[in-house]
Amino acid sequence: MKPKLYMSRRIPQIAIDNLREVFQVKLNPFERPATREELLQEVKDVDALVCQLVDNVDKEVIDAASNLKVISSYSVGYNNIDVDYATSRGIAVCNTAGVLTESTADLTWALIMATCRRITESEAYLRAGNFVAWEPLLMLGMDVYNKTLGILGMGRIGQAVAKRALGFGMKLIYHSRDINPKDLPFAATQVTLETLLRESDILTLHVPLTSQTRHLIGKDQLAMMKPTAVLINTARGAIVDEPQLIKALAEKRIFGAGFDVYEQEPFIPKELLALNNVVLLPHIGSATIATRTNMGIMAAQNAIAIISGLQPPSQINVLP
Ligand code: NAP
Ligand code: GLV
């Protein structure tokens, strides 16, 4: 008898095919996330769970899954999983670290350019039939070339974003706890969070969501930013205090913001939607055909390796 696996949302077919060679796979048949009730019911007798970043894999879900040996997330972020509790239960937790780095860095740059140069606002203006003549003062934005890029969290994605900045002649500053400038393959200055906030022309967030980073960018931090600064978030929404950000944008205390992630996804406050100095994307950082395929392959490899007693490509926790 093959071990059992529940997949809470369909992922690329190649991953499902690979998993079916090893597991009896039960797939959420709906084109929507699994409900809480479905998740609690379906994990009951499975050996493996392939989950999504929208699934709240907390103590209750883990307790409902008495045979569970591996939680394999189809994402690099794992703030939705109670990793400590899974570890205490001897359950491996795996993610798709690395394979989505470059696509997410590309998307971050798309947001940097779109926000600084008011791309979506300009396109909406044109589509509305407003482009009747070249205008000397139309859609004036912020330069990117030669500016200071501030990176909060100089990990995989932070570094990939930084490398792309070299072509724009940018000065790089960053704030991370442990990453030493000598270990980076480019010149960047490590600074305090306060200096990062005060000196960045473009500040881009790449820390994971943890108890330390929740609302790391709040009222006081937004007040330290330049009035000409742009804030980019492709990490997790709750790193920013969203109501305070909306206030800062509405009062033009910063120039603009480009966001792929939100505090209470998929809910977006109407006050944020009403602003025109923001570019808002529906959490598509890793959404390319190749990257989502590679994430699926890796999520499958992680589950298969754990069930086979092998080392998976990316395990988050160390089991006793
Ligand atoms: P990573 O390699 O682990 O990088 C995160 C970096 O943040 C680490 O290098 C860490 O360095 C730093 N950090 C952690 N806590 C910090 C703190 N309190 N203060 C300052 N720095 C801190 O992760 P990654 O692969 O780059 O991914 C980063 C995040 O991006 C993920 O966790 C996920 O939430 C998000 N993401 C979003 C999308 C999307 O679709 N929008 C796609 C992929 C990833 P130190 O330990 O030295 O501080
Ligand atoms: C996307 O947000 C991820 O964490 O992979």
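Using our numbering, the first residue of the sequence shown is number 14, and each one after it goes up by one. Glycine is no exception: its CB is placed at the ideal position from the N, C-alpha and C atoms.
The segment 121-137 in contact with the segment 92-110 per 3-pair CB rule at 8 angstroms: In short, these stretches do not touch, since the Cβ pair count stays below three.
Member of Leu-286, Arg-227, Ile-319 and Gln-328 whose CA lies at the smallest distance from the CA of Thr-133: That would be Leu-286, whose Cα lies nearest to the Cα of Thr-133.
Distance CB(Arg-211)-CB(Ile-252) smaller than 8 angstroms: No, Cβ-Cβ distance for Arg-211 and Ile-252 is not below 8 angstroms.
Proximity to Arg-45 [Cα-Cα], best of Asn-108, Ile-24 and Pro-221: Checking every option, the nearest Cα to that of Arg-45 belongs to Ile-24.
Helix, strand or coil at Tyr-138 [DSSP, three-state]: The three-state reading of DSSP puts Tyr-138 in helix, counting H, G and I together.
Environment of Gly-182 [buried if 16+ CB atoms lie within 10 Å]: Flag for Gly-182 reads exposed.
Contact set for Lys-15: own chain, Cβ-Cβ below 7 angstroms, skip 5 residues either direction: So the list reads Val-35, Phe-36 and Gln-37, once near-sequence residues are dropped.
Rounded straight-line distance, which links the Cα of Ile-320 to that of Leu-120: Take the alpha-carbon of Leu-120 and the one of Ile-320: they are about 34 angstroms apart.
C-beta atoms of Asn-31 and Ala-313 nearer than 8 angstroms: Taking 8 angstroms as the cut-off, the Cβ atoms of Asn-31 and Ala-313 count as close.
Ile-192 CB to nearest heavy atom of ligand 1 below 7 angstroms: Yes, the beta carbon of Ile-192 sits closer than 7 angstroms to at least one heavy atom of ligand 1.
Own chain partners of Gly-231 with C-beta closer than 7 angstroms, once the 5 adjacent residues on each side are dropped: For Gly-231, where only same-chain residues beyond five positions count, the Cβ hits under 7 angstroms are Asp-254 and Gln-257.
Val-56 Cβ short of 7 angstroms to ligand 2 heavy atom set: A distance criterion of 7 angstroms places the beta-carbon of Val-56 beyond contact range of ligand 2, judged by its closest non-hydrogen atom.
Segment limits, alpha helix (DSSP H) that includes Ile-11: The structure shown does not extend to residue 11, since the chain spans only 14 to 333, so no value can be given for it.
Ser-224 (DSSP reduced to helix, strand or coil): In the three-state scheme derived from DSSP, where H, G and I count as helix and E and B as strand, Ser-224 is classed as coil.
Whole-angstrom distance between Arg-249 and Glu-276, CA atom to CA atom: Their backbone Cα atoms lie some 7 angstroms apart in a straight line.
Contact belief for Phe-268 with Met-152 at Cβ below 8 angstroms, rounded distance in angstroms: Separation of the CB atoms of Phe-268 and Met-152 is rounded to 13 angstroms, and the pair is thereby denied contact status at 8 angstroms.
Beta-bridge partners of Gln-203, as assigned by DSSP: Answer by DSSP bridge pairing, in chain order: Tyr-187.
Heavy atom of ligand 3 within 7 angstroms of Gly-90 beta-carbon: Looking for ligand 3 in the displayed structure turns up nothing; the ligands present are ligand 1 and ligand 2.
Proximity below 8 angstroms, CB of Lys-82 to CB of Asp-60: Less than 8 angstroms separates the beta-carbon of Lys-82 from that of Asp-60.
Heavy atom of ligand 1 within 7 angstroms of Gln-225 beta-carbon: Yes, the beta carbon of Gln-225 sits closer than 7 angstroms to at least one heavy atom of ligand 1.
CA-to-CA distance, Gly-322 to Gln-11, given in whole angstroms: Beyond the ends of the chain as shown, which are 14 and 333, falls residue 11; an answer cannot be given.
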